[in-house]
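Participant: If you scroll down you'll find the structure; I have some questions about it.
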Amino acid sequence: MEEREIIRKSSSEWASPVVLVWKKSGDLRICVDYRWLKARTIQDAHPLPHQADCLAALGGNAIFSVMDLTSGFYNIEMAEEDKKFTAFTTPMGLYEFNRLSQGLCNSPASFMRLMMHIFGDQNFLTILCYLDDLLVFAPNEGVALKRLELVFSRLRAHGLKLAPKKCHLFRRSVRFLGHVIDEKGVAADPDKVQAITAMTERDLMMEDGVTPSQKKIKSFLGMVMFYQRFIQGCSSIAKPLFALTAAPKGQKNNGTKFSAFRKLSPSDWKKEQRDSFSQLKSALLESVVLASPIHSINRHFVGWIGRCTFSGPGRRD
Numbered sequence: 008m009e010e011r012e013i014i015r016k017s018s019s020e021w022a023s024p025v026v027l028v029w030k031k032s033g034d035l036r037i038c039v040d041y042r043w044l045k046a047r048t049i050q051d052a053h054p055l056p057h058q059a060d061c062l063a064a065l066g067g068n069a070i071f072s073v074m075d076l077t078s079g080f081y082n083i084e085m086a087e088e089d090k091k092f093t094a095f096t097t098p099m100g101l102y103e104f105n106r107l108s109q110g111l112c113n114s115p116a117s118f119m120r121l122m123m124h125i126f127g128d129q130n131f132l133t134i135l136c137y138l139d140d141l142l143v144f145a146p147n148e149g150v151a152l153k154r155l156e157l158v159f160s161r162l163r164a165h166g167l168k169l170a171p172k173k174c175h176l177f178r179r180s181v182r183f184l185g186h187v188i189d190e191k192g193v194a195a196d197p198d199k200v201q202a203i204t205a206m207t208e209r210d211l212m213m214e215d216g217v218t219p220s221q222k223k224i225k226s227f228l229g230m231v232m233f234y235q236r237f238i239q240g241c242s243s244i245a246k247p248l249f250a251l252t253a254a255p256k257g258q259k260n261n262g263t264k265f266s267a268f269r270k271l272s273p274s275d276w277k278k279e280q281r282d283s284f285s286q287l288k289s290a291l292l293e294s295v296v297l298a299s300p301i302h303s304i305n306r307h308f309v310g311w312i313g314r315c316t317f318s319g320p321g322r323r324d
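Here's what the structure looks like:
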């Protein structure tokens, strides 16, 4: 990284700890714990696109091309006066980033702003940009070719490169943002569903194997709720598990936030929790393909919402 001028030796008065993490490719990734710096940083409010909005834009398309930018955040150069804040400690000494670090709290917003500068006029119309993941969609191969030519020309003009091994062009079905996308609509990624449904009750317990772990339950719920729109009544089914993650009543921090979680015991894992866990996994296995709306000036959508938290069916005219 120093040879590629991504980092350089530093004499900064700032320093954050570093952790090396293995990537799927087998390479090492430098991860810096910037929590102390984040607490002292003004947050950039530039939003990331909502995944539901991204997936809803794909109706009426049959040809998909997914691409991944190489080097990701490192494509953006840090301002000289800000480089000192990115300093991190290593056994070889103190280093700082010349390029945008992944661990900085404003890195996603800065990178998304760059992508909107390049593709903002095409986003949701011909391309979806989610950080360094790109999806070009089209109704047929001819249109797909023209749209890809536009994307390639803009990337070239801004000096951005694609990772060849992560590019899949002119496909009838692709994986994007944890979903499988094709002409019919959007489905949950079967590999991720398999990983969730393979979990056992023991995977939600502490080391003793009988006491439920709030951390592990929250992790499981986070994975399930990512696909909640594929599960009818998901929140209601998950309610017994959410009850175990709630903070004890009356314990507040500065009158606004709960400061502690109640300690769980083996008796907290009851039949309703077991049923909730089992039903959520079964519902994921039975999840269906959600059809993407086909946008047209001659069509409009009508939706019904019931008095409860569950939304009813939608109608397309």
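So the sequence shown is numbered by my numbering: it starts at 8 and just counts up by one.
Glycine residues also receive a C-beta, built at the ideal position from the N, C-alpha and C atoms.
For the candidate residues Gln129, Ser226, Leu292, Glu190, whose alpha-carbon lies nearest to that of Phe71?
Facilitator: Of the listed residues, the one whose Cα sits closest to Phe71 is Glu190.
Participant: Determine, using beta carbons only, whether Leu291 and Val200 come nearer to each other than 8 angstroms.
Facilitator: It is a contact, given that the beta carbons lie within the stated cut-off.
Participant: Tell me which residues share the same chain as Val26 and place their Cβ nearer than 6 angstroms to its Cβ, disregarding the 5 neighbours each side in the sequence.
Facilitator: Only Cys38 meet the Cβ criterion.
Participant: Residues bridged to Pro219 by DSSP?
Facilitator: Per DSSP, Met212.
Participant: Classify Phe80: buried if its beta carbon has 16 or more other beta carbons within 10 angstroms, exposed otherwise.
Facilitator: Result: buried.
Participant: I need the straight-line Cα distance from Thr93 to Phe104, nearest angstrom please.
Facilitator: Those two C-alpha atoms are separated by around 6 angstroms.
Participant: From Lys90, Val73, Ala195, Trp276, pick the residue whose C-alpha is nearest to that of Ile14; which is it?
Facilitator: The residue with the shortest Cα to Cα distance from Ile14 is Lys90.
Participant: Which parts of the stretch 23 to 103 are runs of the beta strand (DSSP E), unbroken and 3 residues or longer, counting only runs that do not cross its ends?
Facilitator: With a minimum length of 3 residues, the continuous beta strand (DSSP E) runs that stay inside the stretch 23 to 103 are 25 to 29, 35 to 39, 70 to 75, 95 to 97.
Participant: Using the C-alpha atoms, what's the distance from Glu10 back to Met99?
Facilitator: Rounded to whole angstroms, Met99 to Glu10 spans 15 angstroms at the Cα level.
Participant: Quick check: what's the CA-CA separation for Tyr41 versus Gly185?
Facilitator: The alpha-carbon atoms of Tyr41 and Gly185 are separated by roughly 27 angstroms.
Participant: For Pro115 versus Leu135, is the C-beta distance shorter than 8 angstroms?
Facilitator: Not a contact, by the Cβ cut-off of 8 angstroms.
Participant: Can you tell me where the alpha helix (DSSP H) holding Leu251 begins and where it ends?
Facilitator: Counting along the chain, the alpha helix (DSSP H) containing Leu251 begins and ends at 241 to 252.
Participant: Please go through the same chain and pick out, in chain order, the residues whose beta-carbon is closer than 6 angstroms to the beta-carbon of Ser17, but skip the five residues on each side of it.
Facilitator: Excluding sequence neighbours, Ser17 sits near Ala94, Leu101, Tyr102, Glu103.
Participant: Across the stretch 203 to 221 and the stretch 171 to 186, are there enough close Cβ pairs to call them in contact, namely three or more that are closer than 8 angstroms?
Facilitator: No, the stretch 203 to 221 does not touch the stretch 171 to 186.
Participant: Going along the chain, which residues of its own chain have a beta-carbon closer than 6 angstroms to the beta-carbon of Ala298, five neighbours each way excluded?
Facilitator: Gly192.
Participant: Three Cβ pairs or more, each shorter than 8 angstroms: is that satisfied between the stretch 276 to 293 and the stretch 239 to 254?
Facilitator: Short answer: they touch.
Participant: Determine the contact status of Val143 and Leu155, defining contact as a CB-CB distance below 8 angstroms.
Facilitator: Yes, the pair counts as a contact, with Cβ atoms nearer than the cut-off.
Participant: Please classify Ala59 as buried or exposed, where buried requires at least 16 neighbouring CB atoms within 10 angstroms.
Facilitator: Exposed.
Participant: Please list the terminal residues of the continuous beta strand (DSSP E) segment that includes Gly194.
Facilitator: First, the amino acid is wrong: residue 194 is Ala here, not Gly. Ala194 -> beta strand (DSSP E) spans 192 to 195.
Participant: What is the residue span of the beta strand (DSSP E) that Phe177 lies within?
Facilitator: Taken as a continuous stretch (DSSP letters only), the beta strand (DSSP E) holding Phe177 covers 175 to 178.
Participant: Can you grab the Cα-Cα spacing for the pair Asp210 / Phe233, in whole Å?
Facilitator: Taking the straight line from one Cα to the other gives about 19 angstroms.
Participant: What first and last residue would you give for the beta strand (DSSP E) that runs through Ser189?
Facilitator: A small fix is needed here, since residue 189 is Asp in this sequence, not Ser. Where Asp189 is concerned, the enclosing beta strand (DSSP E) stretches over 186 to 189.
Participant: Enumerated in chain order, which unbroken segments of the beta strand (DSSP E) with a length of 3 residues or greater are wholly contained in the stretch 97 to 138?
Facilitator: DSSP runs (the beta strand (DSSP E)) wholly in the stretch 97 to 138: 100 to 104, 134 to 137.
Participant: How long is the line joining the alpha carbons of Gly67 and Asp128, rounded to whole angstroms?
Facilitator: For Gly67 and Asp128, the distance between alpha carbons rounds to 20 angstroms.
Participant: Buried or exposed: where does Ile224 fall if 16 or more other Cβ atoms within 10 Å of its Cβ makes it buried?
Facilitator: Label assigned to Ile224: buried.
Participant: Can you give me the Cβ contacts of Phe238 inside the same chain, cut-off strictly under 6 angstroms, excluding the 5 residues immediately before and after it?
Facilitator: Note on residue identity: the sequence assigns Ile, not Phe, to residue 238. Correct list, in chain order: Ala290.
Participant: Give a yes or no on whether the C-beta atoms belonging to Asp51 and Ser117 are separated by under 8 angstroms.
Facilitator: Yes, they are a contact pair.
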